[in-house]
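First up is the structure itself, then whatever we jot down about it.
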Amino acid sequence: MSRPVYIADRTLLCAAGNSPTAVSSALWAGECTAGRRRLGERDFPYFAMKLAEASWLARAEQAIHLLAAQLGKFDEKTPLFIASSSFQIGYFEELGAPFELPAANAQFSRQLADWLGLSGPCYSFSNACTSGFSALDAARSLISAGQIDAAIVLGVELANNSTLAGFAAMELLSRTTARPFDVRRDGLVLGEAVGAVRLSAKPATWRIAGLRTGLDAYSTTGPDPDGGPIAALMADCLQEANMPASEIELVKLQAAGSPGTDLAEANALRRVFRERMPPLLSLKPYLGHTLGASGIAELVALLACLDAEQIPATAGFAESDPEIAMKPTVVRSNTYIERALLQLIGFGGGLASLIIERRQ
Amino acid sequence: MIYLNAVVTRNFTAAELPGAVRAALGKPLRRAATLTQLAVVGALAGLPPERRHLPTALLWQTTSGPRNETLNLLAEVCNGPAEPMPYDFLATQPAIAAAQLKPFLPGLQSATCLPLADETAAHWSLLLCLADNWLSAGRYAQILCAQLDHASDSASGHWLALSAAPLENSLASLQLTGTSPENGVPDTCDFPAHLSRWLAVDNSASLLLQSAAGQVPAVEFART
Chain U
3 MSRPVYIADR TLLCAAGNSP TAVSSALWAG ECTAGRRRLG ERDFPYFAMK LAEASWLARA
63 EQAIHLLAAQ LGKFDEKTPL FIASSSFQIG YFEELGAPFE LPAANAQFSR QLADWLGLSG
123 PCYSFSNACT SGFSALDAAR SLISAGQIDA AIVLGVELAN NSTLAGFAAM ELLSRTTARP
183 FDVRRDGLVL GEAVGAVRLS AKPATWRIAG LRTGLDAYST TGPDPDGGPI AALMADCLQE
243 ANMPASEIEL VKLQAAGSPG TDLAEANALR RVFRERMPPL LSLKPYLGHT LGASGIAELV
303 ALLACLDAEQ IPATAGFAES DPEIAMKPTV VRSNTYIERA LLQLIGFGGG LASLIIERRQ
Chain G
8 MIYLNAVVTR NFTAAELPGA VRAALGKPLR RAATLTQLAV VGALAGLPPE RRHLPTALLW
68 QTTSGPRNET LNLLAEVCNG PAEPMPYDFL ATQPAIAAAQ LKPFLPGLQS ATCLPLADET
128 AAHWSLLLCL ADNWLSAGRY AQILCAQLDH ASDSASGHWL ALSAAPLENS LASLQLTGTS
188 PENGVPDTCD FPAHLSRWLA VDNSASLLLQ SAAGQVPAVE FART
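Chains U and G, in that order, are what the protein sequence lines are.
Residues in the first sequence are numbered from 3 upward in steps of one, following our numbering.
Residues in the second sequence are numbered from 8 upward in steps of one, following our numbering.
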């Protein structure tokens with residue numbers, strides 16, 4: 003049995019807004035102002051969610067309750083697939099030493115399920131930046147095979163110093179802003195988000211046409227600059243979707259403004275699309291890089307833009323890098339998009355490509 | 008239908024693990040976190056050299072996660088000068104194990120880590136269900152399903168090696184059954200031990216793994 007899998011409902015809270023509609027409006031308006039987050043003697047730009055609660059746990063609960071309210075009605079037994087790279091580490095930071103980690107490292111997932119009002123199976127995925135599409139891949143595999151009928155896939159990445167400090171220690175963060183594909187790009191800007199999609203076997207506007215996860219072991223911190231593994235994965239995803247590259251009308255880039263990863267992604271795109279490059283859009287200058295939540299958060303944000311027929315310009319880009327020799331969208335567009343490719347390139351070598359198609 | 012080709016269980020003291028890595032690779036694995044070392048030792052034990060180039064996916068779960076490394080990171084970030092040693096941060100990222108495993112398992116195409124939310128319950132039924140779906144669809148030639156855990160003084164890895172096509176020495180065939188049988192083996196961390204016992208000493212024709220939440224199909228193992 004193999005049946006189509008649809009993206010039925012979606013919801014999102016991130017720095018750009020507290021609903022998909024608010025986010026798409028903010029993106030269309032070009033709003034992308036990051037706050038700052040202090041770390042010892044340094045501080046960094048950071049995209050924080052706008053929430054009233056201050057303590058870590060109360061803030062997490064508030065975010066999930068807001069998310070659940072937007073998701074509409076769903077069966078409490080719906081299987082839940084959670085993607086995160088940091089889970090509740092910010093809570094342990096707040097509690098301080100001695101650090102009492104639970105025996106099961108994803109115990110927080112049970113709390114998330116409770117806050118969502120779900121009592122069915124709960125699975126967690128932690129593949130750094132590709133976690134969201136790993137979770138999506140598992141859920142849609144079960145639905146496609148007829149083993150479940152629906153699933154909620156939740157991406158969660160909440161503010162914490164451990165992740166910020168880790169990236170800072172490796173000098174991977176920009177001190178100013180994210181500049182995807184720009185000659186002056188100098189690193190990532192992190193952010194937080196919670197987003198969810200409800201997948202279903204019942205027809206809805208958007209269908210998952212292809213989804214593949216991959217691995218680029220060139221380095222634990224960055225992909226092969228040649229782009230070969232990324233291109234091979236995109237080709238696999240197109241093959242699964244039974245779609246030539248020329249039918250892709252928009253690419254949602256990974257491009258976060260990282261010198262090495264942006265170059266690898268550009269080289270991969272050139273291999274796949276050659277002279278027929280579709281419009282390229284990066285959402286990270288608006289949302290920040292939300293790591294384990296980024297797959298779901300950017301999927302929901304993109305779908306909101308596509309539904310509104312308002313494709314934003316890529317913020318942060320000003321001047322092409324001669325080595326990259328391609329540029330993202332710099333003007334807004336009201337194009338009606340039917341097929342889009344979404345790219346994730348993860349810290350630790352994870353890769354993922356997703357193709358979504360509008361139902362005819 | 009898919010096939011089980013190996014069941015591998017490895018338990019180590021903290022002192023033994025680096026030696027096991029050296030024995031498997033012929034050299035030490037530098038700057039590798041405990042979960043990465045466990046991944047390398049177990050994957051190579053589960054797949055013979057002639058099968059390491061075949062398209063492979065790794066689905067692994069963990070109760071402990073990178074616990075010790077996370078404690079170190081928290082201590083550095085909260086009690087130290089704010090920015091940790093880069094390798095301490097890298098060690099807290101389970102995704103990195105796959106990148107460090109790939110040079111020894113060139114066919115590795117995808118890896119997914121599932122941290123567990125409960126001390127005893129496991130997701131073997133989900134991993135095997137995904138393996139069945141993906142192998143049956145021809146997405147990979149073989150899939151490794153694993154559970155890797157460590158504490159301050161010990162480490163363990165449990166591995167099932169599965170393939171789309173039967174091998175000469177396949178141990179069992181697997182198929183998904185629509186309902187979750189009441190007499191099935193529960194989906195817990197020690198499922199591989201049940202499976203090993205069934206293969207070694209139990210004469211029954213089949214073994215059923217029951218999904219914990221009852222929504223994912225049960226998995227039936229049958230002797231080949």
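Even for Gly, the Cβ is constructed at its ideal location relative to N, Cα and C.
Say whether chain G places a C-beta atom closer than 8 angstroms to the C-beta of SER355/U.
-> No, SER355/U lies away from the interface with chain G (no Cβ there is under 8 angstroms from its Cβ).
Which stretch, first to last residue, makes up the alpha helix (DSSP H) that contains SER164/U?
-> 163 to 171
Beta-carbon of ALA223/G versus every beta-carbon of chain U: anything under 8 angstroms?
-> Correcting the residue type first, residue 223/G is Val in the shown sequence and not Ala. It does; some Cβ of chain U falls within 8 angstroms.
Mind pulling the beta strand (DSSP E) runs of 3 or more residues that sit fully within the region 169 to 219 of chain U?
-> 195 to 202, 208 to 217
If we cut at 8 angstroms on Cβ distances, does LYS109/G have a partner in chain B?
-> The structure shown has no chain B; the protein chains it does contain are U and G.
Start and end of the alpha helix (DSSP H) containing ALA234/U?
-> 230 to 243
May I ask you to list, following chain order, the residues of the region 84 to 97 of chain U that have a beta carbon less than 8 angstroms from some beta carbon of chain G?
-> Per Cβ criterion, the list reads SER87, PHE89, ILE91, PHE94, GLU95.
How would you label LYS34/G, buried or exposed, when you count the other beta carbons within 10 angstroms and need 16 or more for buried?
-> Under a 10 Å Cβ-count criterion, LYS34/G is classified as exposed, with fewer than 16 other Cβ atoms of the shown protein chains found around its own Cβ.
As assigned by DSSP and simplified to three states, the class of ASN176/G | coil
Span of the beta strand (DSSP E) holding VAL167/G?
-> Inspection of the sequence shows that residue 167/G is occupied by Leu rather than by Val. 161 to 170 is the span of the beta strand (DSSP E), which, as asked, contains LEU167/G.
Kindly list, in the order they appear in chain G, the residues whose Cβ is closer than 8 angstroms to that of MET125/U.
-> The identity of residue 125/U in the sequence shown is Tyr, whereas the question assumes Met. Here the neighbours are LEU121, HIS130, LEU133.
ASN12/G, enclosing beta strand (DSSP E) - first and last residue = 9 to 20
Would you mind telling me which residues of chain U sit closer than 9 angstroms to SER161/G, beta carbon to beta carbon, in chain order?
-> Within 9 angstroms Cβ-Cβ: nothing; SER161/G doesn't reach chain U, min ~14 angstroms.
Can you tell me which of the three DSSP states PHE228/G falls into?
-> Reduced to three states, the DSSP call for PHE228/G is strand.
If you drop the 5 nearest sequence neighbours on each side, which residues of the same chain put their C-beta closer than 8 angstroms to that of PRO324/U?
-> Apart from sequence neighbours up to five positions away, the residues of its chain that approach PRO324/U with a beta-carbon distance below 8 angstroms are VAL185, ordered along the chain.
Check whether the Cβ atoms of ALA354/U and LEU346/U lie closer than 8 angstroms to each other.
-> yes
Using only the heavy atoms of the ligand SAH, determine whether one of them is closer than 7 angstroms to the beta carbon of ASN176/G.
-> The model depicted lacks the ligand SAH and carries no ligand whatsoever.
Is the shortest distance between the beta-carbon of PHE96/G and the beta-carbons of chain U less than 8 angstroms?
-> yes
Please classify LYS286/U: does DSSP put it in a helix, a strand, or coil?
-> helix
If we ignore side chains and look at the alpha-carbon of each, how far apart do PHE127/U and PRO261/U end up?
-> Those two C-alpha atoms are separated by around 27 angstroms.
Can you find a CB in chain U that lies within less than 8 angstroms of the CB of ARG74/G?
-> yes
Name the chain G residues that come within less than 9 angstroms of GLY168/U, Cβ to Cβ?
-> LEU80, VAL84, GLU90, PRO91, PRO93, ASP95, PHE96, LEU97, THR99, GLN100
Quick one: what does DSSP say PRO122/G is sitting in, helix, strand or coil?
-> strand
is_contact[ILE232/U, chain G] using C-beta, thresh 8 angstroms | No, no contact with chain G.
Mapping DSSP to helix, strand and coil, what is ASP151/U?
-> coil
Are GLY318/U and GLY259/U closer than 8 angstroms when you measure CB to CB?
-> Against a cut-off of 8 angstroms, the Cβ pair of GLY259/U and GLY318/U comes out as a contact.
Proximal chain G residues relative to PRO261/U, where beta-carbon distance stays under 9 angstroms = Under the 9 angstroms cutoff, chain G gives no residues; its nearest Cβ is about 17 angstroms from PRO261/U.
Taking C-beta to C-beta, are GLY19/U and ALA28/U nearer than 8 angstroms?
-> yes
is_contact[GLN44/G, chain U] using C-beta, thresh 8 angstroms | Answer no: the Cβ-Cβ gap between GLN44/G and chain U never drops below 8 angstroms.
Taking ASP125/G as the query, report the chain U residues whose CB atoms sit under 7 angstroms from its CB, ordered along the chain.
-> ALA106
Where GLY297/U sits in the DSSP three-state scheme | Of the three classes helix, strand and coil, the one that applies to GLY297/U here is helix, per DSSP.
Under 7 angstroms between beta-carbons, which chain U residues line up against SER71/G? List them in chain order, please.
-> Within chain U, the C-beta atoms nearer than 7 angstroms to that of SER71/G come from ASN107, in chain order.
Proximal residues to SER248/U (C-beta, below 6 angstroms), its chain only, five neighbours per side dropped = ARG278
VAL111/U: contacting residues in chain G (beta-carbon distance under 7 angstroms) = Residue identity check: residue 111/U is Ser in the sequence provided, not Val. Here the neighbours are ALA124.
Collapsed DSSP secondary structure at GLY122/U in the structure displayed = coil
Element boundaries [alpha helix (DSSP H), containing LEU142/G] | 131 to 143
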